[in-house]
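> Same order as they appear, the protein sequences are chains Z and L.
First residue of the first sequence? That's 1 in my numbering, and the numbers climb one at a time after it.
First residue of the second sequence? That's 376 in my numbering, and the numbers climb one at a time after it.
The C-beta atom is built at its ideal place from N, Cα and C for all residues, glycine as well.
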Amino acid sequence: MSGPNSPGFTTLALHVAAGAHDSGPAVARLEERIAALEGGVAGIATASGQAALHLAVATLAGAGDHVVAAHTPRPDAHALLAHGLRRQGIATTFVDPRDPAAWQAAIRPETRLFVGDALGHAVLDIPAVAAVAHAHDLPLLVDATLATPYLLRPFDHGADLVVHGAGFLAGQQGATGGLLVDGGTFDWHAAHARTGRYADLCEPDPRFDGRVFAEESTVGAFALRAREAGLSDFGAAIGTHAAGVMLQGLETLGLRMDRHVAGARLVAATLAAHPAVARVDYPDLDTHPDHALARRLLPRGCGAVVPFALHGGPAAADRFLDALTVFGRTDGTGGARSGATRDGADTVRLFIGLEDTDDLQADLGRALKLAQKGA
Amino acid sequence: MLFTVNGATAYAYIGTGTPAPDRPAIVFIHGAQNDHAVWTAQARRFAAQGHRVLAVDLPGHGRSAGPALATVEQMAAWLLDLLDAAGVQRAALAGHSMGSLIALEAAFQAPARVLGLALLGSTWPMKVSDALLETARTDEAAAIDMVTLWSHAGIAPAAPGTPPGFWVPGAARRLMQRLSQLNPAQLFHTDFVACNTYANGGNAAAAVAAAAIACPTLFVQGRRDVMTPPRSAQALVAAIPHARVASIDCGHSLMTERPDDVCAALQEFVRRLN
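1. According to DSSP, which residues form a beta bridge with Phe-94/Z?
2. Quick one: which chain Z residues come within Cβ less than 7 Å of Leu-550/L?
3. Determine which residues of the stretch 37-54 of chain Z have a Cβ less than 7 Å from any Cβ of chain L, and write them out in chain order.
4. Between the alpha carbons of Ala-13/Z and Pro-394/L, how many angstroms are there, rounded?
5. Give me, in chain order, the residues of the same chain whose beta-carbon lies closer than 6 Å to that of Gly-249/Z; leave out the 5 immediate sequence neighbours on both sides.
6. Taking Cβ to Cβ, would you say Leu-562/L is nearer than 9 Å to Glu-515/L?
7. Which of helix, strand or coil does DSSP assign to Thr-218/Z?
8. Counting only beta-carbon atoms, is Gln-556/L nearer than 9 Å to chain Z?
9. Return no unless some Cβ of chain Z is closer than 9 Å to the Cβ of Phe-644/L.
10. Are Gln-173/Z and Arg-342/Z touching if we call contact CB-CB under 9 Å?
11. Run through chain Z and tell me which residues come within less than 9 Å of Thr-391/L, C-beta to C-beta.
12. Compile a chain-ordered list of the residues in the stretch 218-252 of chain Z whose CB is closer than 8 Å to at least one CB of chain L.
13. Flag this pair as touching only if the stretch 620-633 of chain L and the stretch 600-607 of chain L have three or more C-beta atom pairs under 8 Å; answer yes or no.
14. Output, in chain order, the set of chain L residues within a Cβ distance shorter than 8 Å of Ala-25/Z.
15. Please classify His-564/L as buried or exposed, where buried requires at least 16 other C-beta atoms within 10 Å of its C-beta.
16. Pull up the CB-CB distance for Arg-319/Z and Leu-255/Z, whole angstroms please, since I reckon it's below 8 Å.
17. Please state if the CB of Leu-350/Z and the CB of Val-123/Z are separated by a distance shorter than 9 Å.
18. Just list the beta strand (DSSP E) runs in the stretch 223-287 of chain Z, keeping only unbroken ones of 3 residues or longer that don't cross its boundaries, in chain order.
19. Using a 10 Å radius around the Cβ and a threshold of 16 neighbouring Cβ atoms, would you call Pro-539/L buried or exposed?
20. Exposed or buried, what is His-376/Z when buried is set at 16 or more other beta-carbons lying within 10 Å of its beta-carbon?
21. At the level of alpha carbons, what is the spacing between Ala-481/L and Val-380/L?
22. Would a C-beta distance cut-off of 9 Å place Thr-46/Z and Leu-231/Z closer than the cut-off?
23. Mind checking which residues open and close the beta strand (DSSP E) that includes Val-163/Z?
24. Can the beta-carbon of Ile-44/Z be found closer than 9 Å to that of Ala-226/Z?
25. With DSSP as the reference, label Ala-47/Z as helix, strand or coil.
26. For Gln-556/L, does the count of other Cβ atoms within 10 angstroms reach 16, so buried, or fall short, so exposed?
27. Whole angstroms are fine: how far does the CA of Ala-278/Z sit from the CA of Gly-313/Z?
28. Report yes or no: do three or more beta-carbon pairs, one from the stretch 140-148 of chain Z and one from the stretch 86-96 of chain Z, lie closer than 8 Å?
29. Between the C-alpha atoms of Ala-191/Z and Arg-197/Z, what's the straight-line distance to the nearest angstrom?
30. With a 10 Å radius around its C-beta and 16 neighbouring C-beta atoms as the bar for buried, classify Phe-344/Z as buried or exposed.
31. Excluding sequence positions up to five away, which residues of its chain have a Cβ less than 6 Å from the Cβ of His-66/Z?
32. Measuring CA to CA, which of Thr-498/L, Arg-398/L, Leu-479/L and Pro-605/L is closest to Ile-404/L?
33. Which of the three DSSP states, helix, strand or coil, is assigned to Asp-182/Z?
34. Should Gly-529/L and Val-41/Z be called a contact, given that it needs their Cβ atoms to be closer than 9 Å?
35. Would you list, in chain order, the members of the stretch 413-445 of chain L that have their beta-carbon closer than 8 Å to a beta-carbon of chain C?
36. Am I right that Trp-188/Z and Leu-201/Z are in contact with their C-beta atoms under 8 Å? What's the rounded C-beta distance?
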C-alpha cells in the first residue's frame with residue numbers, strides 16, 4: 001500500500017493490519033481505515049458517494065466559484081456538477097480528461113478544484129492532470145469508486161482528495177455510503193497566500209470562534225473543515241450499520257477485486273474477438289488508447305466495468321440486453337452479481353461480478369448471437 | 376500569529392480564547408522535522424481555558440523562516456528571544472523529543488523565565504543511531520518512513536484517532552513530508568545532529584534539580600516509545616529528583632496518539648504551578 005514500508009502496509013488491502021482496533025464506533029474506524037488504505041491523513045464517511053463528492057466541492061467552493069471536471073464522470077456525479085451545484089451558484093466546465101491543455105484552458109480566477117473519475121471510458125492521467133492543477137494552486141479530486149484503493153493509489157500519483165461510493169468497498173451492490181479522503185498533500189496555506197482562494201481554510205472563521213483550520217492542522221485542514229462545517233451543515237452522515245457493512249467488506253476487498261478483474265479481462269478479450277462487437281473500452285486491452293497509462297497507474301487491473309459497442313446500432317444493443325440471463329439488468333456495481341445496462345445509443349456497459357466466468361462467457365456468447373440474428 | 380525574532384519571521388499557533396491574567400502562559404515546542412501542529416490538541420484546550428499559549432514553529436520548520444538552527448543551545452536562545460518578541464516574561468515550557476531538550480536548555484539559560492518544565496518523549500543523551508542519521512542525510516523520504524513507523528505504538532492504531540477520522544501515523548508522515556517540501560535543506564539531518572550532539576543536558580538537569588521549588592518538572596513517557604524509550608531516560612529522570620513521571624500507553628508521538636491523556640497530565644501539572 002501507499003503507506004510507510006512496513007509489514008502491515010503490504011497486506012492492509014487484503015486483511016486488516018494486525019493490531020487494528022476492532023471495537024469502538026464503526027464510523028470512526030471506517031474513516032480511519034480508508035485513510036490508511038489510501039495512505040492519506042483523514043477520512044470522512046458520508047451517506048453516499050454523491051454526498052462525499054458534494055461535501056468535497058461544498059467545502060472548497062461557494063456561489064460564484066468554479067470547478068473543472070472531466071466530462072466522463074458517473075451519470076450521478078455529472079448531474080450533481082452540471083445541474084445540482086450549478087443551481088447553488090457553482091459552475092462546472094467539463095473537459096476532455098485526456099487533454100491537459102483543455103484542463104489548463106478551463107481554469108478561471110474563481111476555479112477552486114479539479115474533479116476527475118479515475119476509471120471509466122478513459123483512465124485519468126492523474127500525474128499529468130495533477131501537474132496542471134498544482135501549477136495553478138488547485139487541488140485534484142479523484143473519484144476512485146471503480147478503482148478502489150486496491151487497484152489504484154491516487155495520492156501516490158498526485159491526487160489530493162479521493163471519493164468512493166460504497167459498492168466495491170462493501171462488496172454489495174445495494175450498499176449505501178461514501179467516503180471522502182484527505183490526502184494531506186495539498187498546501188492550502190501556500191496556495192491561499194498566492195491566490196486568496198482558500199479563505200475558509202486559511203483565515204479566522206467567525207463561525208468557529210476565529211479558528212484557522214490550516215493552522216490547527218498543517219496537513220489535514222481540509223478534513224477538519226469538511227467535518228466541522230460541511231458534514232454538520234448538510235447532514236449527509238453515514239449510519240452505523242452502513243459503516244459496519246463497509247468495514248466488513250474491506251477485509252475481503254483484495255480477494256474480490258482480483259476476481260472481478262480476472263473476470264473482466266476474460267470478458268473483454270472475448271468481446272474484442274467477437275465479430276458482433278464494434279469496440280471494447282476496457283483499458284486492459286492493448287488496443288485501448290489508455291493501455292500504457294493503465295499499466296502504469298493500475299498494475300493490478302482496470303476494474304470490473306467493461307463498456308463495449310455492438311454492430312447493428314441501438315436495436316442490436318436492445319436485443320443483446322434482452323437475451324442475457326446470467327447478467328442482471330442493473331447499473332449497480334460492486335456486488336457479486338454481474339449486470340448490463342445501456343450506456344449511450346449503441347454502447348452497453350457490463351459490470352463483471354464474482355460468478356463463474358464460464359457462465360458469464362456462455363451468457364454473453366448466446367446474447368451476442370441473438371443480437372446478430374435479428375439484424 | 377507571526378512575530379519577528381532576530382529580524383526573521385517566526386510563527387506560533389496561539390489558539391482561540393481570551394487569556395486570563397492569573398493563568399500561566401504555556402509554550403509548546405515540537406521535535407525534529409515537526410511543526411506546531413503536533414501540539415494542536417493540547418494548545419487549543421489550554422488556550423480555551425484562558426492560558427496564553429504559544430505553540431512555536433522552530434526556525435526552518437513550517438511557517439518560521441529558515442535556516443534551521445544547528446544546536447539545541449541556539450534553539451533555546453531563539454525560544455527566549457521569541458518570548459521577548461511575544462511579550463511573555465515567564466512561561467511553562469512543554470517540549471517533545473528534541474523540543475524537550477530545548478525546554479531543558481532554556482531553563483538552564485534563563486531559569487527566572489521558566490515556571491515549569493514538561494518533558495515529553497525525552498531522554499538525555501538523545502543519541503540518534505548512525506543508520507538513521509545517515510538515512511536522514513542521504514534519503515530523507517526513507518528516514519521519514521522509518522520514523523513514522525518507530526514513533527507510533529502501531530501503524531494501525533489500537534483506538535480511534537483524534538480529531539475523528541484522522542489516521543495518526545499517516546498524518547505524522549505527511550507532516551514530515553510537508554516540512555521536507557517547505558525546507559529541502561536536509562532539515563531532518565540538521566535536527567538529528569542537534570539532538571545527537573547536545574552536550575549540556577547534564578548541567579541543565581543539575582541546574583533544574585537545584586531550582587527544585589522554582590522549576591517543577593514533569594516527564595510524560597510513552598510506555599511503548601522506541602525512539603526515546605522510558606528506560607533510556609532513567610539517568611535524566613534521576614538527575615531531577617523532584618520531577619514527577621506520568622506514563623501513557625503509547626509510542627513516541629504522545630500528543631497525537633493519546634491527545635486526551637497528554638492533556639490530562641499537562642493540566643494536572645499546570646494546576647499545581649499556581
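Let me lay it out:
1. Ala-69/Z
2. Thr-218 and Val-219
3. Gly-39, Gly-40, Val-41, Ala-42, Gly-43 and Ile-44
4. The predicted position of Ala-13/Z is uncertain, since its pLDDT is 43 and thus under 50; no value can be drawn from it.
5. Leu-169, Ala-170 and Gly-171
6. Yes. Within cutoff.
7. coil
8. Chain Z has a Cβ within less than 9 Å of the Cβ of Gln-556/L.
9. no
10. no
11. Pro-204, Phe-208, Asp-209, Gly-210, Arg-211 and Val-212
12. Per Cβ criterion, the list reads Thr-218, Val-219, Gly-220, Ala-223, Leu-224 and Arg-227.
13. yes
14. The sequence given here places Pro at residue 25/Z; Ala does not occur at that position. By Cβ distance, chain L contributes Pro-535.
15. buried
16. No, Arg-319/Z and Leu-255/Z are not in contact; Cβ-Cβ is about 35 Å, not under 8 Å.
17. With a cutoff of 9 Å on beta-carbon distance, Val-123/Z and Leu-350/Z are scored as not near each other.
18. List check, beta strand (DSSP E) in window: 277-280.
19. Within 10 angstroms of the beta-carbon of Pro-539/L lie 16 or more other beta-carbons, which makes it buried.
20. Since the first and last residues shown for chain Z are 1 and 375, residue 376/Z lies out of range.
21. 16 Å
22. Cβ atoms of Thr-46/Z and Leu-231/Z: closer than 9 Å.
23. 161-165
24. yes
25. When DSSP states are grouped into helix, strand and coil, Ala-47/Z belongs to the coil group.
26. The residue in question, Gln-556/L, is exposed, as its Cβ has fewer than 16 Cβ neighbours within 10 Å.
27. 10 Å
28. no
29. Linking Ala-191/Z to Arg-197/Z through their CA atoms gives a straight-line distance of about 7 Å.
30. Checking the sequence shown, residue 344/Z turns out to be Gly, not Phe. Exposed.
31. Ala-91, Arg-108, Glu-110 and Thr-111
32. Measuring C-alpha to C-alpha distances from Ile-404/L to each of Thr-498/L, Arg-398/L, Leu-479/L and Pro-605/L identifies Leu-479/L as the nearest.
33. strand
34. no
35. In the structure shown, chain C cannot be found, because the protein chains are Z and L.
36. 5 Å
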